[in-house]
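For reference, the structure is listed below as structure tokens.
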């Protein structure tokens, strides 16, 4: 059993205890809760699209918590981290890498994580090319135009960089004709589909989300590479929020798992327990990526 899978078990015990206590604690001291809580969402599809996709969850949280819940996004991942650091948001949906950044810079604490539609506690990074483009394997992508998503993306930047530097032992800036940042997974997927980008790094959940919107489908792409399982994207909170509010938020997320139509809109299998230790593997990969880049 890997370290992060072991931490999932421990996290489940801790969060289960918090869930049992959440209602009674909040009722005992309701005045410590803000009248409105704000949730920041990383722009995996673009800011407006991700806010719209999360509307059913926001409505559920508002009803379950009994307070107003507002969702907002930003032009990039760093904007959400900065918003939490300045206390402009209380909770956030982040990727694993952006969570690690937020834990250091904004006092974020992981509360729960997404599971994929098959129920696995995570997701998979992929590198895709347009089907029929003549790019059938990674070697064919040499000299082509490549897109990362965002410097704070896990599947769209960190994990594929390890593939290049560690496994292929190449600098992507030298391996490809041009390397760009698309700004979001949705933008990368559409750019490959439309032919403005030859190859891009993204993940299975966001391809599924673009498929759910009818904007792209797996049949249009050749998967050149697939990563090992990445810990699921976390829902997190500022550590200075009331413990009763954080516990109730977790409880509300677990209740949301019964809403299958809403989970289908999110293209996830639900939420599972998580804690900060789950993302130690991402901290390790961050350091490894820096070392490999410096040595290249």
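In this note's numbering, the protein residues as written are 3 to 298. Ideal Cβ positions, reconstructed from N, Cα and C, are used throughout, including at glycine. Quantities reported herein were computed from a predicted structural model and do not represent experimental measurements.
Taking the runs of the beta strand (DSSP E) that are 3 residues or longer, which of them lie wholly in the stretch 150 to 226?
-> 180 to 183, 201 to 205
Buried or exposed: where does residue 195 fall if 16 or more other Cβ atoms within 10 Å of its Cβ makes it buried?
-> Buried, since its Cβ has 16 or more Cβ neighbours within 10 Å.
Segments of 3+ residues assigned as beta strand (DSSP E) that fall wholly inside the stretch 248 to 283 = 272 to 275
Roughly how far, in whole angstroms, is the beta-carbon of residue 268 from the beta-carbon of residue 164, given that I think they are within contact range, below 8 Å?
-> That pair is no contact at about 27 Å.
Below 8 Å CB to CB, which residues in the same chain sit around residue 170 once its five sequence neighbours on both sides are set aside?
-> Within the same chain, and ignoring the five residues on either side of residue 170 in sequence, the residues whose Cβ sits closer than 8 Å to its Cβ are 140, 177.
Span separating the alpha-carbon of residue 135 from that of residue 146 = 11 Å
Quick one: is residue 82 buried, meaning 16 or more other Cβ sit within 10 Å of its Cβ, or exposed?
-> buried
Excluding the 5 residues preceding and the 5 following residue 91 in the sequence, name in chain order all residues of the same chain whose CB lies nearer than 6 Å to its CB.
-> 40, 42, 85
Which residue from 266, 248, 254 puts its Cα closest to that of residue 121?
-> When each option's Cα is compared against that of residue 121, the closest is 266.
With contact counted as at least three CB pairs below 8 Å, one residue from each stretch, are the stretch 185 to 202 and the stretch 243 to 252 in contact?
-> With the cut-off at 8 Å, the stretch 185 to 202 and the stretch 243 to 252 do not touch.
Excluding the five sequence neighbours on either side, which residues of its own chain have a C-beta within less than 7 Å of the C-beta of residue 231, listed in chain order?
-> 122, 124, 126
Tell me, please, whether the stretch 96 to 109 touches the stretch 154 to 164 by the rule of three or more beta-carbon pairs shorter than 8 Å.
-> yes
For residue 221, which residues of its own chain have a beta-carbon under 8 Å away from its beta-carbon, when the five flanking residues on both sides are left out?
-> 133
Between which two residues does the beta strand (DSSP E) harbouring residue 38 extend?
-> 38 to 43
Should the stretch 266 to 285 be regarded as contacting the stretch 44 to 64, the criterion being three or more beta carbon pairs within less than 8 Å?
-> Contact between the stretch 266 to 285 and the stretch 44 to 64 is present: three or more C-beta pairs spanning the two stretches fall below 8 Å.
According to the Cβ coordinates, are residue 95 and residue 291 closer than 9 Å?
-> no
Looking at residue 78 and residue 152, is the spacing between their C-beta atoms short of 9 Å?
-> yes
Residue 209: buried (16+ other C-beta within 10 angstroms of its C-beta) or exposed?
-> buried
Span of the alpha helix (DSSP H), counted from its first residue to its last, around residue 82 | Counting along the chain, the alpha helix (DSSP H) containing residue 82 begins and ends at 79 to 87.
Taking only the alpha-carbon atoms, compute the straight-line gap between residue 111 and residue 235 and give it to the nearest angstrom.
-> 13 Å
Could you tell me the distance, in whole angstroms, from the CA atom of residue 223 to the CA atom of residue 65?
-> Those two C-alpha atoms are separated by around 40 Å.
Can you tell me whether residue 216 is buried or exposed, with buried defined as 16 or more other CB within 10 angstroms of its CB?
-> exposed
With a cut-off of 8 Å on the beta carbons, I'd call residue 227 and residue 129 a contact; round off their distance for me.
-> 4 Å
Can you name, in chain order, every residue of its own chain whose Cβ lies under 6 Å from the Cβ of residue 143, other than the five neighbours on each side?
-> 137, 201
Name the one or two DSSP bridge partners that residue 101 has.
-> According to DSSP, which records beta bridges pairwise, residue 101 is partnered with nothing at all.
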